[in-house]
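Anchor point for the sequence shown: position 201 equals 220 in our numbering, and the numbering is continuous, going up by one each time.
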Amino acid sequence: MATSRRGSDPARLHRRRDRRVGRPFPHRASGRRGMRRGHQRRSWLPRMALTGLVAGLLGWLMHRMPPETPARIYWPWLAIAGGALLLGSAVVGWNRYIASSGLVGRWSRRSRRNQGVASAWAILRVASRWAVRRKAAVLRPSLGDAHWWCRLLMPTRELATPLARVGLLRVWSPIEDVTLRIGGPRVGKTGELACRILDAPGAVIATSTRTDLISLTRACRERLGPVGVFNPSGVGDLESTITFDPLSGCEHPVTATARAADLLSGVSSPGRDGEREYWAGQARRALASLLHAAALGDASMRDVQAWVADPDTAAVEVQRFLRRSPEPAFESDALQFLSTNERTRSSICASIMPALGWLMDSTAAAAADKGDFDVEQLLENRGTVFMLGAEDTQTAPLVTALTGHIARQARRLASQQPGGRLDPPLTLALDEAALICPIPLDSWTADMGGRGVTIHIAAQSRAQLRQRWGDTGAAAILNNAATLLVYGGTRDVDDLNAYSALTGERDEEVPSWDPHGDLHTTSIRRVPVLSAAQIAQLPARHVVIIRRGMPPAIGRVRMAWTRSDVKAAARATSRAARAERFELARERAAWWVTAAADELAATQPRLAPLAARIHTAAQLSRPVRFVIAERGSQPKRGR
Numbered sequence: 020m021a022t023s024r025r026g027s028d029p030a031r032l033h034r035r036r037d038r039r040v041g042r043p044f045p046h047r048a049s050g051r052r053g054m055r056r057g058h059q060r061r062s063w064l065p066r067m068a069l070t071g072l073v074a075g076l077l078g079w080l081m082h083r084m085p086p087e088t089p090a091r092i093y094w095p096w097l098a099i100a101g102g103a104l105l106l107g108s109a110v111v112g113w114n115r116y117i118a119s120s121g122l123v124g125r126w127s128r129r130s131r132r133n134q135g136v137a138s139a140w141a142i143l144r145v146a147s148r149w150a151v152r153r154k155a156a157v158l159r160p161s162l163g164d165a166h167w168w169c170r171l172l173m174p175t176r177e178l179a180t181p182l183a184r185v186g187l188l189r190v191w192s193p194i195e196d197v198t199l200r201i202g203g204p205r206v207g208k209t210g211e212l213a214c215r216i217l218d219a220p221g222a223v224i225a226t227s228t229r230t231d232l233i234s235l236t237r238a239c240r241e242r243l244g245p246v247g248v249f250n251p252s253g254v255g256d257l258e259s260t261i262t263f264d265p266l267s268g269c270e271h272p273v274t275a276t277a278r279a280a281d282l283l284s285g286v287s288s289p290g291r292d293g294e295r296e297y298w299a300g301q302a303r304r305a306l307a308s309l310l311h312a313a314a315l316g317d318a319s320m321r322d323v324q325a326w327v328a329d330p331d332t333a334a335v336e337v338q339r340f341l342r343r344s345p346e347p348a349f350e351s352d353a354l355q356f357l358s359t360n361e362r363t364r365s366s367i368c369a370s371i372m373p374a375l376g377w378l379m380d381s382t383a384a385a386a387a388d389k390g391d392f393d394v395e396q397l398l399e400n401r402g403t404v405f406m407l408g409a410e411d412t413q414t415a416p417l418v419t420a421l422t423g424h425i426a427r428q429a430r431r432l433a434s435q436q437p438g439g440r441l442d443p444p445l446t447l448a449l450d451e452a453a454l455i456c457p458i459p460l461d462s463w464t465a466d467m468g469g470r471g472v473t474i475h476i477a478a479q480s481r482a483q484l485r486q487r488w489g490d491t492g493a494a495a496i497l498n499n500a501a502t503l504l505v506y507g508g509t510r511d512v513d514d515l516n517a518y519s520a521l522t523g524e525r526d527e528e529v530p531s532w533d534p535h536g537d538l539h540t541t542s543i544r545r546v547p548v549l550s551a552a553q554i555a556q557l558p559a560r561h562v563v564i565i566r567r568g569m570p571p572a573i574g575r576v577r578m579a580w581t582r583s584d585v586k587a588a589a590r591a592t593s594r595a596a597r598a599e600r601f602e603l604a605r606e607r608a609a610w611w612v613t614a615a616a617d618e619l620a621a622t623q624p625r626l627a628p629l630a631a632r633i634h635t636a637a638q639l640s641r642p643v644r645f646v647i648a649e650r651g652s653q654p655k656r657g658r
């Protein structure tokens, strides 16, 4: 009983708890003293400012005293001292505010306040509608001389596109920025990318491996300008409404060189080792000379394929065509290819032939028929071109060549406009860009934004980017993208850790409890703002937004099929289809009614007037209701 009384004594228990709590944390007092000394070192500046303010007020009060007051003679010195102290404290304070330590301190405090994610003020300052409109004159050079009220009334979608909604705010991306969205299959990339096509103020080039983008956006884009389809793979049994001959423009040496690089990039694998780069360069030189010769000699791409397959037979004809070239170096390049040893020539042919493999497909060959694609007219009419391709590499060179042709023509036209930008801009919506359109995105993403070409990229993973453009190219694309949208569902640990590292770190409080349930202390540890598991488990239609100049945020993207304009276009299409079916049924019914009336008139001559009226009513577009009564009754038109 005595033992239990000693254990339940409150004083003894309190002393034991004090010893138990105090021993493990001997550093607490010293830490408080250090914090006190740091606070004292930082508090001299407000004291200095307060001293200057008091001195200035005293000087002003002394100046207001009667002239016979003895202390009045000191007011100028007090005023000067107070002003100097206030000015000095202002200069030191501003220097602290703009210095590196001040910036880091403010960032740390903001991170602690907002758990490391973007606050409403950060979104308003960097990615809001107001932030985008401040750059209206730069984004659209045509607005430079416009009145302020014209810029005020211009819709924001003419200057930027809304990417996602964070709470009640929208995150906007200016038309000069590159956006990259990464996510696995069926997470909503295509539905979100379709919104970028619908919001584009100018011409659009859209690539995809399926017909989803066409079905979602075609009806709405037709209201803005002409819509064309380039489908060399025959995806979805859609016919190509535009054609592109890879030889168009190749009579110019520069165009022939660029076209050869585009065709070969559609089948080449990344790599910068010396041997691979050597053979790629030899293939570019040979193919460029052959394309140039075919354009000068009015030949076709099948002739180019035949020249590559049998160089010995083609030597004389190619030389004859290249003598018309203004650049003699092309003839020497062709001779070097045609007259080299068999082993070297076979290696070069093996690099060129896959770029011409699409000629074996009749659908692709029909899409590459004679004709010059007018890029200037496309930009002027704000048209839309959908490029469809299968996941195989057979037609990828043709799609890459057309995309490269449009981009280079757009760059040339931009250099001729005020500000060096296209106005309105050209939008490249590249869905599954690594599969069907392996254009040099590592360089385009760094250059095209300043020329009025907006690039929106959709890929499945960082590994897919590295597979197509190599480690260096994939890193360049990620660095050049102003906004990165990361969808959930990723299972690659390296990718998840990379995205988690991009979100940064935040301070997390870790409480420590004693065995009796009392709080010992609270420590601080650094943890990722978003862990890899949190990114992998994002809900549907939610993305992690990693934008330049702004902390990360979690937003909700909008799918194209939920938009009111897409729904209205779908309803209009459905009504038109129903009206067409009704018209077909009405024509069939009219034919049967007139046939029955003719047969009735033949058997009953007295009903011939009624048969004639039936013939007349069948030709009318409005339905007619007849009431057959006694002899002499007339047909009555109903509702």
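Ideal placement from N, C-alpha and C gives every residue a C-beta, glycine not left out.
Nothing here was measured: the structure is a model prediction, and the numbers come from that model.
- Distance check between L619 and each of A609, A630 and S519 places A630 closest, using alpha-carbon atoms only.
- It is roughly 41 angstroms from the alpha-carbon of W532 to the alpha-carbon of L503.
- For P571, the three-state secondary structure derived from DSSP is coil.
- Here I455 carries a helix assignment [DSSP, helix/strand/coil].
- If only uninterrupted alpha helix (DSSP H) runs of at least 4 residues are considered, those enclosed by the segment 150-227 are 155-158, 167-172 and 208-218.
- When H166, G102, A465 and L357 are compared, the shortest CA-CA separation from A493 is found for A465.
- L504: member of the beta strand (DSSP E) spanning T502 to Y506, first to last residue.
- Residue pairing by DSSP places A448 opposite A225 and H475 in a beta bridge.
- Boundaries around H539 are those of the beta strand (DSSP E), L538 to P547, since no alpha helix (DSSP H) includes it.
- Rounded to whole angstroms, the gap between the alpha carbons of R189 and Y297 is 49 angstroms.
- Per DSSP, the unbroken alpha helix (DSSP H) holding F356 starts and ends at A348 to L357.
- With a threshold of 16 other beta carbon atoms within 10 Å, I233 meets it and is buried.
- Between G507 and L557, the beta carbon gap of about 3 angstroms places them in contact (Cβ cut-off 8 angstroms).
- Fully contained in the segment 561-630 are the following beta strand (DSSP E) runs of length 3 or more, in chain order: 561-566 and 572-575.
- CA-CA distance, K389 to E336, rounds to 21 angstroms.
- Bounds of the alpha helix (DSSP H) holding V111 are W94 to I117.
- Contact check between the segment 362-378 and the segment 413-420: three or more CB pairs, one atom from each, fall below 8 angstroms, which counts as touching.
- Residue state for D526 is assigned as strand, using DSSP reduced to three classes.
- Its chain contains I476, A500 and L503 as the residues whose beta carbon lies nearer than 6 angstroms to that of L199, once the 5 sequence neighbours on both sides are disregarded; these appear in chain order.
- For L407, there is no enclosing alpha helix (DSSP H); the residue is found in the beta strand (DSSP E) stretching over T403 to L407.
- Distance check between P547 and each of G523, R184 and A307 places G523 closest, using alpha-carbon atoms only.
- Counting along the chain, the unbroken beta strand (DSSP E) around F249 starts and ends at V246 to F249.
- When DSSP states are grouped into helix, strand and coil, S381 belongs to the helix group.
- By DSSP's assignment, W532 forms a beta bridge with L538.
- A residue is called buried once 16 or more other Cβ atoms fall within 10 Å of its Cβ, and V73, having fewer, is exposed.
- Here V529 has T541, S542, I543 and R544 as same chain residues with Cβ atoms under 8 angstroms from its own Cβ, once five neighbours each way along the sequence are excluded.
- Taking 8 angstroms as the cut-off, the beta carbon of A353 is found closer than this to the beta carbon of L309.
- Taking a C-beta distance under 8 angstroms as the contact criterion, G71 and L104 qualify as a contact pair.
- The continuous stretches of alpha helix (DSSP H) do not include R91, and DSSP gives it neither H nor E.
- Ranked by Cα distance from L306, the options A627, R343, E451 and P272 are led by P272.
- In this structure, the CA atom of V585 is about 57 angstroms from the CA atom of D331.
- The DSSP-derived three-state label of P272 is helix.
- The Cβ-Cβ distance between I367 and F356 falls below 8 angstroms.
- When the alpha-carbon of L243 is set against those of D256, P220 and T260, the nearest one is in P220.
- DSSP places I261 outside both helix and strand once states are collapsed to three, so it counts as coil.
- In the DSSP annotation of this structure, the continuous segment of the alpha helix (DSSP H) that includes M67 starts and ends at W63 to H82.
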